[in-house]
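From first to last, the protein sequence lines stand for chains A and B. To convert a position in the first sequence, counted from 1, into my numbering, add 7. To convert a position in the second sequence, counted from 1, into my numbering, add 7. Beta carbons are placed, not taken as given, at the ideal position from N, Cα and C, and that holds for glycine.
Protein chains: 2
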Amino acid sequence: MPGVEVRVWARRAEAVEEVRRMLPGVIASTDIATVMQGVSLAVLCMPIQHMPGIARQIAACELADDLIVTDVGSVKGGVVGELEDIFMSTHGAFLGSHPMAGSQHTGLAHARGDLFHQAACIVTPTAHTKPQHLARLRTFWVKLGCRIQEMTPQQHDHCVARISHLPHTLAVVTTLAALRQDARVLDSSAGGFRDTTRVAGGDPEMWAGILMQNRTEVIAALEDASSAVRELLEMLRSMDEEALRRFLAQAKALRDLLPAV
Amino acid sequence: MPGVEVRVWARRAEAVEEVRRMLPGVIASTDIATVMQGVSLAVLCMPIQHMPGIARQIAACELADDLIVTDVGSVKGGVVGELEDIFMSTHGAFLGSHPMAGSQHTGLAHARGDLFHQAACIVTPTAHTKPQHLARLRTFWVKLGCRIQEMTPQQHDHCVARISHLPHTLAVVTTLAALRQDARVLDSSAGGFRDTTRVAGGDPEMWAGILMQNRTEVIAALEDASSAVRELLEMLRSMDEEALRRFLAQAKALRDLLPAV
């Protein structure tokens with residue numbers, strides 16, 4: 008965007024080198040104080056469990072008066088309150104974001120200019136959020152192409168448990184139940200298996216953190232999935248084809264609510 | 008293909024009309040005897056439960072000496088034996104096929120010339136199969152672009168339960184567990200939910216038939232999925248992040264065996 012200066016902080020020197028090589032116009036450094044100087048919007052992109060530590064390092068820097076710190080983390084309950092507190096005594100303020108975009112891949116090599124185009128971006132203001140901060144953050148994501156949704160951190164965690172963390176865990180379960188015994192069945196696979204399990208190729212380290220952080224909501228969603236599996240098993244065992252047809256038709260009606268791309 | 012005459016039999020007159028409109032070079036009719044006259048390869052494309060009835064109608068027609076009847080059904084155990092028996096006393100012979108291709112859509116409007124390109128096609132010869140019939144059937148599918156795999160009907164049913172029927176049922180379970188309580192979470196969905204649940208948009212009538220026909224293998228696969236869900240729930244409840252990471256890494260290693268498209 009014209010008039011916008013982008014800077015990147017990274018922990019590892021090799022990551023900074025990669026940014027400098029691939030994005031020559033961008034200032035990149037491992038020194039957080041240098042990068043934060045005069046910055047008006049900082050986006051935390053790292054595993055959730057590391058956010059409070061980095062946030063404290065940022066809070067100890069000299070910060071611009073109008074600084075908003077946001078994040079792109081997949082869980083909000085707990086972490087939003089903790090980060091809000093960290094910046095409460097500084098010039099800056101924290102406000103949570105979660106753009107619903109990405110893939111099973113990580114790293115700069117998989118960056119795409121249209122990643123956020125038409126993606127939902129959930130922002131999670133609280134009672135402490137200033138309206139002008141919320142307005143600026145919304146503008147930032149809208150300029151990247153997002154549709155904005157506002158939720159409390161708790162509503163966010165419930166929603167993403169159902170629409171993102173549950174599909175992830177069931178893609179993992181599908182992969183294991185299909186292949187753990189004998190992976191040679193993979194030779195006969197088609198688009199159905201490929202799509203249903205795509206996200207199971209995601210980073211285990213990152214996803215273990217996400218699922219553990221949101222475990223209360225993920226457990227509730229997995230328990231619902233578990234009872235749906237039990238319903239299915241019961242229909243198959245009792246050969247109740249009519250009930251099975253209704254069960255499949257209910258899923259189809261819900262899935263068909265999603266507009267075709 | 009040059010030198011090949013294609014004919015279509017359909018039960019409904021409107022379906023025949025649609026074929027005539029969209030494929031002017033093709034002979035289409037609701038009269039099975041007319042369509043079968045002099046035909047050397049017939050492909051049964053219909054719900055599995057209707058195959059034996061139609062096969063008996065075909066067996067009652069005047070048939071060419073070299074006729075092979077095959078199918079594209081998703082379950083083989085039971086149906087292959089029954090269809091073999093039906094054609095045993097005729098000039099024709101039955102031999103099962105299952106091209107692993109398609110989508111959640113049905114109908115002529117979704118036909119694609121490259122549907123079978125690089126797809127696996129499982130053929131299921133038995134002790135009764137003549138080698139020259141198997142060779143001709145293989146050639147047919149190879150010319151359409153398929154990679155051939157040979158299995159017994161029983162091996163086929165085990166394999167597709169894992170690689171196709173299980174992903175289908177878990178896509179249905181994911182959809183229901185995500186949306187049954189409150190479908191509004193769909194507004195926040197991204198590519199992960201879209202891909203993981205795509206096949207849940209499939210025809211409930213057709214899939215109820217498939218799952219019921221293959222219920223022994225599908226029940227075994229769903230029980231494995233159910234215990235994987237229980238493992239996951241246990242890790243989340245006991246906050247065993249290390250075990251969760253290993254569980255996710257095992258799924259990733261298996262999913263990464265699938266070559267990128």
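(request) Measure the C-alpha to C-alpha separation of B:Asp231 and B:Thr77 and round it to an integer number of angstroms. (result) The alpha-carbon of B:Asp231 is positioned some 32 Å away from that of B:Thr77.
(request) State the Cα-Cα distance for the pair B:Gln7 and B:Arg154, rounded to the nearest angstrom. (result) Given that chain B is displayed from residue 8 to residue 268, the structure contains no residue 7 of chain B and the question cannot be resolved.
(message) Tell me whether the stretch 174-182 of chain B and the stretch 141-151 of chain B touch, counting them as touching only if at least three CB pairs, one residue from each stretch, are closer than 8 Å.
(response) With the cut-off at 8 Å, the stretch 174-182 of chain B and the stretch 141-151 of chain B do not touch.
(message) Need the endpoints of the beta strand (DSSP E) that B:Cys153 sits in, please.
(response) Looking at the DSSP string, B:Cys153 is not in any beta strand (DSSP E), and its letter there is neither H nor E.
(message) Run through chain A and tell me which residues come within less than 9 Å of B:Arg14, C-beta to C-beta.
(response) Those within 9 Å of B:Arg14 in chain A number zero; the least Cβ separation is about 27 Å.
(request) Using 7 Å as the cut-off, classify the Cβ of A:His140 as near or not near the heavy atoms of the ligand PLP, replying yes or no. (result) In the structure shown, the ligand PLP is absent, as is every other ligand, since no ligand is present at all.
(request) Determine, using beta carbons only, whether B:Asp164 comes closer than 8 Å to chain A. (result) no
(request) Kindly list, in the order they appear in chain B, the residues whose Cβ is closer than 7 Å to that of A:Ile129. (result) Ser195
(message) I want to verify the contact list: residues of chain A whose CB lies under 7 Å from the CB of B:Gln257, in sequence order.
(response) Leu183
(request) Identify whether A:Asp73 lies in helix, strand or coil by the three-state DSSP scheme. (result) coil
(message) Given this structure, state the Cα-to-Cα distance separating A:Ala116 from A:Arg28, to the nearest angstrom.
(response) Approximately 12 Å, taken between the alpha carbons.
(request) Kindly say whether B:Pro211, judged by its beta-carbon, lies nearer than 8 Å to any beta-carbon of chain A. (result) Contacts with chain A at 8 Å (Cβ-Cβ) include B:Pro211.
(message) Strictly under 8 Å for the Cβ-Cβ distance: is A:Val236 near chain B by that measure?
(response) Judged by the 8 Å Cβ criterion, A:Val236 is in contact with chain B.
(message) Counting only beta-carbon separations shorter than 8 Å, does A:Phe200 have a partner in chain B?
(response) For A:Phe200, a Cβ of chain B is located within less than 8 Å of the residue's own Cβ.
(request) Mind listing the chain A neighbours of B:Arg110? Cutoff is C-beta to C-beta under 9 Å, in chain order. (result) With the sequence shown as reference, residue 110 of chain B is identified as Ser, and Arg is not the correct amino acid for it. Ordered by position in chain A, the residues that pass the 9 Å Cβ test against B:Ser110 are Gly198 and Gly199.
(message) Short of 8 Å Cβ to Cβ, which residues in the stretch 168-183 of chain A face chain B?
(response) Arg169, Ile170, Ser171, Leu173, Pro174, His175, Thr176, Leu177, Ala178, Val179, Val180, Thr181, Thr182 and Leu183
(message) Quick check on DSSP: helix, strand or coil for A:Gly32?
(response) The answer is coil: DSSP assigns A:Gly32 none of H, G, I, E or B.
(request) Determine the direct distance from the alpha carbon of B:Arg19 to that of B:Thr37, and round the result to whole angstroms. (result) 7 Å
(request) Look up B:Gly199 in the DSSP assignment and say whether it is helix, strand or coil. (result) helix
(message) Applying the 10 Å Cβ sphere with the 16-neighbour rule, what's the burial state of A:Ile118?
(response) It should be pointed out that residue 118 of chain A corresponds to Ala in this sequence rather than to Ile. When all chains shown are included, A:Ala118 counts as exposed.
(message) Can you confirm whether A:Ser233, when its beta carbon is compared against all beta carbons of chain B, has any partner nearer than 8 Å?
(response) yes
(request) Using a cut-off of 8 Å between C-beta atoms, extract the partners of B:Glu248 located in chain A. (result) Ala215, Gly216 and Met219
(request) Spell out whether any CB of chain A is found under 8 Å from the CB atom of B:Met58. (result) no
(message) Need the endpoints of the beta strand (DSSP E) that A:Ile129 sits in, please.
(response) Ala127 to Thr131
(request) Drop a sphere of 10 angstroms on the beta-carbon of A:Ala62, count the other beta-carbons inside from all chains shown, and report buried for 16 or more, exposed for fewer. (result) Around the Cβ of A:Ala62, a 10 Å sphere holds 16 or more other Cβ atoms; the residue is buried.
(request) Spell out a yes or no on whether the stretch 93-105 of chain B and the stretch 128-141 of chain B are touching, meaning 3 or more CB-CB pairs, one atom from each, closer than 8 Å. (result) A contact exists between the stretch 93-105 of chain B and the stretch 128-141 of chain B.
(request) Specify whether the stretch 105-113 of chain A and the stretch 185-199 of chain B touch according to this definition: at least 3 beta carbon pairs, one from each stretch, less than 8 Å apart. (result) yes
(request) Anything in chain B within Cβ reach of A:Gly208, meaning under 7 Å, just list it in chain order. (result) Lys259, Arg262 and Asp263
(message) By the DSSP assignment, the alpha helix (DSSP H) with A:His112 in it spans what residues?
(response) Note, A:His112: premise wrong, no alpha helix (DSSP H); not H, not E.
(message) Just to confirm the assignment, what range does the alpha helix (DSSP H) spanning B:Arg191 have?
(response) Where B:Arg191 is concerned, there is no enclosing alpha helix (DSSP H), given that its DSSP letter is neither H nor E.
(message) With three or more beta-carbon pairs closer than 8 Å as the criterion, would you say the stretch 159-178 of chain A touches the stretch 73-89 of chain A?
(response) yes
(message) For A:Pro163, report the span of its beta strand (DSSP E) as first-last.
(response) Per the sequence shown, residue 163 of chain A should be read as His rather than Pro. That residue, A:His163, is in no beta strand (DSSP E); its alpha helix (DSSP H) goes Pro160 to Val167.
(request) Assign B:Val130 to buried or exposed, taking buried as 16 or more other Cβ atoms, counted over all protein chains shown, within 10 Å of its Cβ. (result) buried
(message) Less than 8 Å between CB atoms is the rule here; does A:Ala40 satisfy it with respect to chain B?
(response) Not one chain B Cβ lies under 8 Å of A:Ala40.
(message) Measuring straight from C-alpha to C-alpha, what distance separates A:Gly208 and A:Trp214?
(response) 10 Å
(request) Output, in chain order, the set of chain A residues within a Cβ distance shorter than 7 Å of B:Ile65. (result) None at all; the shortest Cβ gap to chain A is about 26 Å.
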